[in-house]
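Going down the list, the sequences are from chains A and X.
Count the first sequence with this note's numbering and you get residues 1 to 162, in order.
Count the second sequence with this note's numbering and you get residues 1001 to 1462, in order.
For every residue, glycine included, the Cβ atom is placed at its ideal position computed from N, Cα and C.
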Amino acid sequence: MSSAPYNQVQTLYRTLLVFATVAVVILAVGLVEFVYFEPPGQATGAHARIVGVYAYDPTTRTTLGTDKSAFARTEEFAAVVDWSGLPANLSVDARWYDAFGSIVGRVGPSTPAQLGNFSIVPVIVPQGLHHNLPGNYTFVVERFQGGVPVEVLVRRFVLVER
Amino acid sequence: MSTSSYTTPPAANPHPRLRPGRYGIAIAVTAVVVITLIASSLLNYVYLDTIPARTSLYGLLAVALIALGTYIGVRAFTRDRASRRKHLIRAGVLLGLGTLLWLLVIDIFVFTQSAGPAVAAICALACLPTTAFGLFVVRRMDRNEKEPWRLVLVAAAWGAIVATSLVIWGETLWDQTAQRTLVPGPGLDASTAFSAGLLEELAKGLAVVLLFLVMRNDFDDIVDGIVYGAAVGLGFNFLESVAYMTNMYGIFSPEGYGWYAAGLQWYGRQVLGLFFGHTTYTAFIGAGLGVARQLPKKRQKALAILSGFLIAIAGHFSWDAWVQFFPIDNTIFGLVEIHLRTLIMTGPFTAALIALLIFGIRYEAMGLVDQFLKEAATGSGAILPEEVPVLASPWRRLKQRLRAFQRGGLRAYFEVARLQSAQLDLAMERWHRERQEIDTPLEAEDALRERVIQLRHWVPAA
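The following block contains the structure:
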């Protein structure tokens, strides 16, 4: 039996182990990233209130109709937030995410008092498009710490129909 | 070395049972897959009242048909010639029914919602030639002993139908939970990437594991593992491409960009990413299993298999989690950026895989040449000393087949091809027996030798 070929399997095995070590490092970096953006123990107990999600008229900058969870893609819509129930020392913002995870509407970050005049948070139609893209939209009010959102104080899902 | 030492080696692993313990593991893995499929689809149906959840429930029948058809089809080749045809027909009918049912379910309950079955059919047709090309190239990579088409296609079918079914359910549960609990942004992206990397690679890897456990005679080393793994990845990539293309068409067609959006997905997944992405990741799982195939110790085997899975999961994770850090400009330079992004993010993984493949092919070739020489030295007549340089070189083997074609046409070409293939099979069997990696009885090797001698009888002298 020749010994050389056997050693080559060992070489392949060791090479695989080296690659696997790199893989473990990549996964560890991913875990660190996750913990950085999702730090444990961040529940303050504070809760924001979403009054509702309504059709929106961009010319008058007012909401119309009743609270809805689904809109046609030709309809513009906005969330209405009640900032008054939040502690004054918090840094917060409110955002709309579309189905691709892109931010399509935002106010803040700032203190609840300063955001009091910005209770209506509309979804902005992306540049180059005529209407909103269909899919599930997420509206969140987030608490900031060190410039990074660390806690969702309230969230709401809205469907934009095809 | 003396001639006597080249004689036929003894049975390396005289296992008393015809069905070794790995069959038990294969049955256990299959049972776990089936139970997981049933449990997750029922949970989805109960807790997530969405269209994909209903799809998962109806899809169970398709998965069961595919699994049964695959089993009957693969086992048919171990049966005698008389009953093989009957079993192959049964397998074909079951596979056909399962595939049709699955496509029907997908089209009606998912794609029709967004774009309609005609668009889904066009997208599938657009992805077929590229995926077929990918499978052709992947199979050709094994230059010494090509894997049977039936197993390569079974691997691709698993990737396209069974693996995608498994991940739809797992990822839906994971992502729905994450979207309701995590802060949107990089943390949620990382969670989604972990879900995709872990669940998709496990679902795809199971196919390679089952081939490794059940089809040991056609799973020789790292090269075979890479071929099977890549085939599973190509199958998965096929159905994922169809799903993304149709979905993008549905989203952007009211804006007038439907075909443009679908075309971009096709280019990114079926041209630029054909051999990157899923193909590379799952090929690493196959590489781990292939190396494990030839390692002597159980601990090393386990580590090699684990390594393959870890590399696949990490590669997949890194793309999904960090692709957002390479945004594409909405300018003409964006076209360059798309290619650079793929090259930078998945290129290193593909390069590492190619390095393993090249090393594996060279190592396999060395092992085979060693066995050609030893078999020639026995004087059995199965391999003649003057044939060794020809058999050792894929290029010279091709030239020999072409010479036969010039002399006797296609029939002569295929007769020489069959002889060469049988000689390679014999050398491979000897190689595994010498390395004590085989549990077939010595009679199997004698039968291979006998087959070579019979084939030689029909082939004119080279």
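Counting only Cβ pairs nearer than 9 Å, list the residues of chain X close to residue i.
| i | result |
| --- | --- |
| Phe37 (chain A) | Leu1182, Val1183, Gly1185, Pro1186, Gly1187, Leu1188, Asp1189, Ala1190 |
| Gly30 (chain A) | Ala1190, Ala1193, Phe1194, Gly1197, Ala1314, Phe1317, Ser1318, Ala1321, Trp1322 |
| Val123 (chain A) | Residues of chain X passing the Cβ test: none, with the nearest at roughly 15 Å. |
| Gly41 (chain A) | Going along chain X, no residue has its Cβ under 9 Å from Gly41 (chain A), so there is no contact; the nearest lies around 14 Å. |
| Gly76 (chain A) | Before going further, note that residue 76 (chain A) is Glu rather than Gly in the sequence given. Result: empty, since nearest Cβ-Cβ is about 15 Å, beyond 9 Å. |
| Ala70 (chain A) | By Cβ distance, chain X contributes nothing, its closest Cβ being about 14 Å from Ala70 (chain A), past 9 Å. |
Using 8 Å for Cβ pairs, my map puts residue i next to residue j. What's the rounded Cβ distance?
| i | j | result |
| --- | --- | --- |
| Leu153 (chain A) | Glu142 (chain A) | 7 Å |
| Arg1430 (chain X) | Glu1375 (chain X) | 6 Å |
| Arg73 (chain A) | Pro1129 (chain X) | That belief does not hold up - the Cβ atoms of Arg73 (chain A) and Pro1129 (chain X) are roughly 34 Å apart, past 8 Å. |
| Arg1269 (chain X) | Tyr1244 (chain X) | 7 Å |
| Ser1318 (chain X) | Leu17 (chain A) | Actually they do not touch by this definition, with Cβ atoms about 19 Å apart. |
| Gly1273 (chain X) | Thr1342 (chain X) | 6 Å |
| Asp98 (chain A) | Gly135 (chain A) | 6 Å |
| Val158 (chain A) | Phe71 (chain A) | 7 Å |
| Ala1287 (chain X) | Gly1229 (chain X) | 7 Å |
| Leu86 (chain A) | Val80 (chain A) | Contact flag wrong, Cβ pair sits at about 15 Å. |
| Gly1379 (chain X) | Ile1453 (chain X) | Actually they are not in contact, since the Cβ atoms of Gly1379 (chain X) and Ile1453 (chain X) sit about 12 Å apart, beyond 8 Å. |
| Val1239 (chain X) | Thr1164 (chain X) | Note on identity: in this sequence residue 1239 (chain X) is Leu, with Val being the wrong assignment. Correct: roughly 5 Å between the Cβ atoms. |
| Ala78 (chain A) | Val123 (chain A) | 7 Å |
| Phe186 (chain A) | Ile50 (chain A) | Outside the shown range of chain A (1 to 162) lies residue 186 (chain A), about which nothing can therefore be said. |
| Arg1451 (chain X) | Ala1422 (chain X) | 5 Å |
| Leu1455 (chain X) | Arg1396 (chain X) | So it is not a contact: roughly 18 Å between Cβ atoms. |
| Gln1400 (chain X) | Val1416 (chain X) | 6 Å |
| Phe1326 (chain X) | Gly30 (chain A) | With 8 Å as the limit, Phe1326 (chain X) and Gly30 (chain A) do not qualify as a contact, their Cβ atoms being about 16 Å apart. |
| Gly105 (chain A) | Trp83 (chain A) | Contact flag wrong, Cβ pair sits at about 16 Å. |
Could you work out which residues of chain A lie near residue i, taking near to mean beta carbons separated by less than 8 Å?
| i | result |
| --- | --- |
| Val1291 (chain X) | Val9, Leu12, Tyr13, Leu16 |
| Leu1444 (chain X) | The sequence as given places Ala at residue 1444 (chain X); Leu does not occur at that position. Chain A residues near Ala1444 (chain X): none, gap ~20 Å exceeds 8 Å. |
| Ser1241 (chain X) | Within chain A, no residue comes near Ser1241 (chain X); the closest Cβ sits about 18 Å away, beyond 8 Å. |
Closest to residue i by C-alpha separation, out of the options, would be which residue?
| i | options | result |
| --- | --- | --- |
| Val1291 (chain X) | X:Ile1305, X:His1278, X:Gly1258 | X:Ile1305 |
| Val1063 (chain X) | X:Arg1411, X:Ala1121, X:Gly1159 | X:Gly1159 |
| Ala1039 (chain X) | X:His1278, X:Ala1028, X:Phe1405, X:Trp1169 | X:Trp1169 |
| Asn1217 (chain X) | X:Leu1448, X:Val1452, X:Gln1454 | X:Leu1448 |
| Thr1036 (chain X) | X:Ser1083, X:Leu1199, X:Leu1094 | X:Leu1199 |
| Gly147 (chain A) | A:Ser110, A:Ala20, A:Asn7, A:Gln114 | A:Ser110 |
| Gly1235 (chain X) | X:Ala1262, X:Glu1201, X:Trp1259 | X:Glu1201 |
| Glu1147 (chain X) | X:Ala1392, X:Ser1191, X:Val1223, X:Phe1284 | X:Val1223 |
| Ala1365 (chain X) | X:Asp1425, X:Ile1332, X:His1339 | X:Asp1425 |
| Thr1324 (chain X) | X:Ala1302, X:Ile1332, X:Ala1026, X:Pro1186 | Note on residue identity: the sequence assigns Gln, not Thr, to residue 1324 (chain X). That would be X:Pro1186, whose Cα lies nearest to the Cα of Gln1324 (chain X). |
| Ala1427 (chain X) | X:Gln1400, X:Leu1373, X:Leu1398 | X:Leu1373 |
| Val9 (chain A) | X:Asn1237, X:Gly1367, X:Val1029 | X:Gly1367 |
| Arg1150 (chain X) | X:Arg1293, X:Asn1237, X:Ala1091 | X:Ala1091 |
| Leu129 (chain A) | X:His1316, X:Ala1067, X:Gly1256 | X:Gly1256 |
| Thr60 (chain A) | A:Arg156, A:Ile120, A:Arg155 | A:Ile120 |
| Leu1402 (chain X) | X:Gly1024, X:Phe1414, X:Thr1282 | X:Phe1414 |
| Glu1505 (chain X) | X:Val1032, X:Pro1296, X:Arg1180, X:Gln1406 | Nothing about residue 1505 (chain X) can be reported from this structure: the residues present for chain X run from 1001 to 1462 only. |
| Arg95 (chain A) | A:Gly108, A:Thr15, A:Gly45 | A:Gly108 |
Below 7 Å on C-beta distance, what does residue i contact in chain X?
| i | result |
| --- | --- |
| Ile50 (chain A) | Those do not exist, as Ile50 (chain A) stays about 15 Å from chain X at its closest Cβ, beyond 7 Å. |
| Leu133 (chain A) | Ile1251 |
| Thr44 (chain A) | Correct list: empty, because the minimum Cβ distance to chain X is about 13 Å. |
| Arg61 (chain A) | The contacting residues do not exist; Arg61 (chain A) stays about 25 Å from chain X at best. |
| Arg156 (chain A) | Residues of chain X passing the Cβ test: none, with the nearest at roughly 11 Å. |
| Pro149 (chain A) | Val1183, Gly1185 |
| Ile120 (chain A) | Those within 7 Å of Ile120 (chain A) in chain X number zero; the least Cβ separation is about 20 Å. |
| Phe34 (chain A) | Gly1187, Ala1190, Ser1191 |
For residue i, return the contacting residues in chain A, with the cut-off set at a CB-CB distance below 7 Å.
| i | result |
| --- | --- |
| Glu1255 (chain X) | Leu129, His130 |
| Leu1368 (chain X) | Here the premise fails: no neighbours, minimum Cβ distance about 10 Å. |
| Ile1344 (chain X) | Going along chain A, no residue has its Cβ under 7 Å from Ile1344 (chain X), so there is no contact; the nearest lies around 14 Å. |
Applying a beta-carbon distance threshold of less than 8 Å, which residues of chain X neighbour residue i?
| i | result |
| --- | --- |
| Pro109 (chain A) | Chain X residues near Pro109 (chain A): none, gap ~13 Å exceeds 8 Å. |
| Tyr97 (chain A) | Pro1184 |
| Thr138 (chain A) | Gln1179, Pro1184 |
| Arg73 (chain A) | Pro1254 |
Which chain A residues are close to residue i, counting only those with a beta carbon under 9 Å from its beta carbon?
| i | result |
| --- | --- |
| Tyr1363 (chain X) | Pro5, Gln8, Val9, Thr11, Leu12 |
| Leu1356 (chain X) | Leu12, Thr15, Leu16, Phe19 |
| Leu1303 (chain X) | Tyr13, Leu16, Leu17, Ala20 |
| Phe1359 (chain X) | Gln8, Thr11, Leu12, Thr15 |
| Gly1096 (chain X) | The contacting residues do not exist; Gly1096 (chain X) stays about 32 Å from chain A at best. |
Discussion item. Quick check for students: name the residue ranges of the alpha helix (DSSP H) that lie wholly in the stretch 5–75 of chain A, counting only runs of 4 or more.
Written reply: none
Worksheet item: Are the stretch 1309–1328 of chain X and the stretch 1339–1352 of chain X touching by the rule of at least three beta carbon pairs closer than 8 Å?
Response: yes
Item to complete: Jot down the residue ranges of each uninterrupted beta strand (DSSP E) in the stretch 1220–1295 of chain X, minimum 3 residues, whole runs only, in chain order.
Response: none
Fill in: Touch test, the stretch 1194–1213 of chain X against the stretch 1120–1129 of chain X, Cβ-Cβ under 8 Å, three pairs minimum
no
Discussion item. Closer than 8 Å is the cut-off here; do at least three beta carbon pairs connect the stretch 1066–1075 of chain X with the stretch 1151–1158 of chain X?
Written reply: yes
Discussion item. Taking 8 Å as the cut-off, does the stretch 1359–1368 of chain X touch the stretch 1134–1145 of chain X (at least 3 CB pairs, one atom from each stretch)?
Written reply: yes
Discussion item. Suppose only complete runs of 4+ residues qualify. What are the alpha helix (DSSP H) ranges in the stretch 1062–1098 of chain X, listed by chain order?
Written reply: none
Practice prompt. Please list the segments of the beta strand (DSSP E) lying wholly inside the stretch 67–150 of chain A, counting only runs of 3 or more residues, in order along the chain.
Written response: 70–72, 77–82, 91–97, 103–110, 120–122, 135–145
Fill in: Uninterrupted alpha helix (DSSP H) stretches inside the stretch 1171–1216 of chain X (no shorter than 4 residues)
1186–1195, 1201–1214
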